[in-house]
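**Student:**
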Amino acid sequence: MKTILLFSCIAIATLLSTANASSPKWVLEWEDNFEGTEPNPEIWSRINRGKADWCNYMTKADTCYDMRDGNLVLRGIAAYEGCNDSVPYLTGGIYTKDKKGFGYGRLEIKAKLQGAKGAWPAIWLLPYKNHKRGNWPMGGEIDIMERLNYDSIAYQTIHTNYTYNLNKKDPKPGSIGPINPEDYNVYAVEIYPDSISFFINDRHTFTYPRINADEEGQFPFNDGDYYLLIDMQLGGSWVGEVDPADLPVEMLVESVKFFRKEE
10 MKTILLFSCI AIATLLSTAN ASSPKWVLEW EDNFEGTEPN PEIWSRINRG
60 KADWCNYMTK ADTCYDMRDG NLVLRGIAAY EGCNDSVPYL TGGIYTKDKK
110 GFGYGRLEIK AKLQGAKGAW PAIWLLPYKN HKRGNWPMGG EIDIMERLNY
160 DSIAYQTIHT NYTYNLNKKD PKPGSIGPIN PEDYNVYAVE IYPDSISFFI
210 NDRHTFTYPR INADEEGQFP FNDGDYYLLI DMQLGGSWVG EVDPADLPVE
260 MLVESVKFFR KEE
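Structure follows, in structure tokens:
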């Protein structure tokens, strides 16, 4: 029995050692800790309003943005008298569109998410201006984090022509992972030429691989860089209706870090 136990301990130690040895070593290339009175305008812009569920309440009004205690604060609020807007809710979001792209490497975002019925905060990537593919979803989308309502889980997903238009589910295009809904969590993605791996609080949730597929657009993620979006969304067909009594709701972002693999 002792021999078996000793062998098991040695085997586990060997596996851990092998795993650590094969894990990439990351070198910090860029970070933003949101110090100061506003996000760096050379990197970030406030997101424009659009027609899709995720951006149909976006505003550039200061009421949905703040910098507080070393955090970027993005709010979802009910429209108020004097806001001069026709929508029932207002949300804040920022992105690096046309200003900064991210390629192969590891992207980490540390954030705290308040809950509300109809709240849909998201951290995600879309093709940057140097990307070779066409319109969505041909260039791909990488959802590093989406959280609904008061959930204690977050969704991590990829969208491509292969998964969205052709509805291919093998390999699996997404997964969920547990979060601490009352505290900060670190959401991460690692982009490689042959795969994309997702993490929550350094716990691996799933990996989407590049495969040999006859259909177009299975893995467009090695055709150019991506820009980062961080937004506090409200309502929509997926998350459902908003409860105004739960508002305002905030998304606090402490840091964004990008690492390159050590050569």
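The numbering of the sequence shown is the numbering used here, which starts it at 10 and goes up by one. All C-beta atoms, glycine included, are put in the ideal place defined by N, C-alpha and C. Here the structure is a predicted model, which means the values were calculated and not measured.
(1) Under a three-way DSSP split, which group does D152 fall into?
(2) For D240, name the three-state secondary structure that DSSP assigns.
(3) What would DSSP say about T72, mapped onto helix, strand or coil?
(4) Let me know the beta strand (DSSP E) ranges lying completely inside the region 29-113, each 3 residues or longer, listed in chain order.
(5) Using C-beta distances below 8 Å, list every residue in its chain close to E271, excluding the 5 sequence neighbours before and after it, in chain order.
(6) Who are the Cβ neighbours of Y235 in its own chain at under 7 Å, not counting the five residues just before and after it?
(7) Please report the distance separating the alpha-carbon of S320 from that of E199.
(8) Do you know how far the Cα of T172 is from the Cα of P182?
(9) Which residue from F230, L256, F268 and G244 puts its Cα closest to that of A197?
(10) Rounded to a whole number of angstroms, what is the C-alpha to C-alpha distance between I220 and W129?
(11) Return yes when the Cβ of F208 is within less than 8 Å of the Cβ of Y216, no when it is not.
(12) Rounded to whole angstroms, how far is the Cβ of Y74 from the Cβ of V82, which I believe are closer than 8 Å?
(13) Can you give me the start and stop residues for the beta strand (DSSP E) that H168 sits inside?
(14) Cβ of V251 within 8 Å of Cβ of N80?
(15) Go ahead and label P48 buried or exposed: buried means 16 or more other beta carbons lie within 10 angstroms of its beta carbon, across all protein chains shown.
**Tutor:** Taking the definition as stated:
(1) Strand, per DSSP.
(2) strand
(3) In the displayed model, T72 falls within a helix according to three-state DSSP.
(4) 35-41, 74-77, 80-87, 98-100 and 102-104
(5) P33, K34, W35 and V36
(6) Here the set comprises G110, F111, L134, L135, P136, Y137 and I151.
(7) The shown model of the chain, from 10 to 272, leaves out residue 320, and the question about it has no answer.
(8) 7 Å
(9) F268
(10) 31 Å
(11) Correcting the residue identity first, residue 216 is Thr in this sequence and not Tyr. Against a cut-off of 8 Å, the Cβ pair of F208 and T216 comes out as no contact.
(12) 7 Å
(13) I162 to H168
(14) no
(15) buried
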